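Colleague: Heads up: the sequence shown begins at 1 in full-length UniProt numbering, then just goes up one per residue.
C-beta atoms are modelled at their ideal positions from N, C-alpha and C, and glycine is treated no differently.
These numbers were taken from a predicted model, which means no experiment stands behind them.
Here you go, one structure.
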Amino acid sequence: MNVRVKEVWGTNALVEWQPPRDDGNSEVTGYFVQKADKKTMEWFNVYEHNRPTSCTVSELIVGNEYYFRVFSENICGLSDTPGVSKNTAHILKTGITFKSPEYKEHDFRMAPKFLTPLMDRVVVAGYAAALNCAVRGHPKPKVSWMKNKMEIREDPKFLMTNYQGVLTLNIRRLSPFDAGTYTCRAVNELGEALAECKLDVRVPQ
């Protein structure tokens with residue numbers, strides 16, 4: 001199997017591979033993906049039963065350089081020999097993005113997709129709350145937040161941040177009025193994605 005690191009951003013790496021030429025006369029049902037730091041070459045599991053021929057590996061350590069290997073899987077079990085990535089994912093300091101020179105920019109284009117959804121929250125009035133989710137897409141999506149389907153404009157009560165696709169809506173000094181349904185919308189020229197959660201504000205008795 002031909003395994004390659006296609007893109008690295010932040011502490012994430014996009015790994016792609018081609019299906020094996022010889023499937024042993026049994027249909028491939030998934031892939032087993034592992035990572036190893038170049039310094040130790042100890043292999044750790046990343047994904048089991050991964051059906052697509054690509055995956056995003058997250059939470060890699062800054063300063064480390066990683067290889068990846070992929071086993072194909074069928075009803076008989078895992079393949080005897082994995083495909084090992086020819087290139088590595090070098091996790092650089094914040095703000096530097098590596099793109100393999102063999103691939104042109106347009107190969108990375110993708111509609112927004114939420115990797116981590118918003119979660120329902122219950123918060124006590126008078127305290128602050130932070131709603132978090134994570135999105136990726138290329139070109140970089142434009143992000144907006146809504147409360148009960150109404151877009152949140154510039155308001156000192158709200159602070160919206162976007163750090164390498166990790167999106168946070170901070171809400172200061174909650175009151176019962178702040179309860180409702182909050183939506184994060186990410187849009188680029190290829191499409192849009194929505195993440196939604198309910199915020200309940202409790203008043204101390």
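1. Given this structure, state the Cα-to-Cα distance separating A36 from P112, to the nearest angstrom.
2. Just the Cα atoms here: how many angstroms apart are K93 and Y163?
3. I think V70 touches N12, with their Cβ atoms under 8 Å apart; what is that distance to the nearest whole Å?
4. Closest to G165 by C-alpha separation, out of P82, S144, A128, would be which residue?
5. Mind reading off the beta-carbon distance from P139 to N188? Whole number of angstroms is fine, and I expect it under 8 Å.
6. Take the Cβ of F40 as the centre, count every other Cβ of all protein chains shown within 10 Å, and call the residue buried at 16 or more, exposed below.
7. Quick one: what does DSSP say P112 is sitting in, helix, strand or coil?
8. In the DSSP assignment, what residue or residues form a beta bridge with Q34?
9. What's the C-alpha gap between S79 and I61?
10. Which runs of the beta strand (DSSP E) spanning at least 3 residues fall entirely within the UniProt domain "Ig-like" (112 to 200), listed in chain order?
11. Are the CB atoms of N148 and G180 within a distance shorter than 9 Å?
Modeller: According to the data block:
1. Locating residue 36 in the sequence shown gives position 36, where the first residue counts as 1. Locating residue 112 in the sequence shown gives position 112, where the first residue counts as 1. Approximately 29 Å, taken between the alpha carbons.
2. Counted from its first residue, the sequence shown places residue 93 at position 93. Counted from its first residue, the sequence shown places residue 163 at position 163. For K93 and Y163, the distance between alpha carbons rounds to 14 Å.
3. Within the sequence shown, the letter at position 70 stands for residue 70. Within the sequence shown, the letter at position 12 stands for residue 12. Not really, about 17 Å apart at Cβ, beyond 8 Å.
4. Residue numbering aside, residue 165 sits at position 165 when the sequence shown is read from its first letter. Checking every option, the nearest Cα to that of G165 belongs to S144.
5. Taking the sequence shown and counting its residues from 1, the one referred to as residue 139 is at position 139. Taking the sequence shown and counting its residues from 1, the one referred to as residue 188 is at position 188. Between N188 and P139 the Cβ distance is about 5 Å, and since that is below 8 Å, they are a contact.
6. Counting from 1 along the sequence shown, the entry for residue 40 is found at position 40. Strictly speaking, residue 40 in this sequence is Thr, with Phe absent from that position. By the neighbour-count rule (16 or more Cβ atoms within 10 Å), T40 is not buried but exposed.
7. Numbered from 1 along the sequence shown, position 112 holds the residue referred to as residue 112. If DSSP states are grouped into helix, strand and coil, P112 belongs with the strands.
8. Mapped onto the sequence shown, residue 34 falls at position 34. Answer is N45, R69, bridged to Q34.
9. Your numbering for residue 79 matches position 79 in the sequence shown. Your numbering for residue 61 matches position 61 in the sequence shown. Each residue's Cα considered, the two are about 29 Å apart.
10. 121 to 124, 129 to 138, 142 to 147, 158 to 163, 166 to 171, 180 to 188
11. Here the question's residue 180 lines up with position 180 in the sequence shown. Here the question's residue 148 lines up with position 148 in the sequence shown. Closer than 9 Å, so yes.
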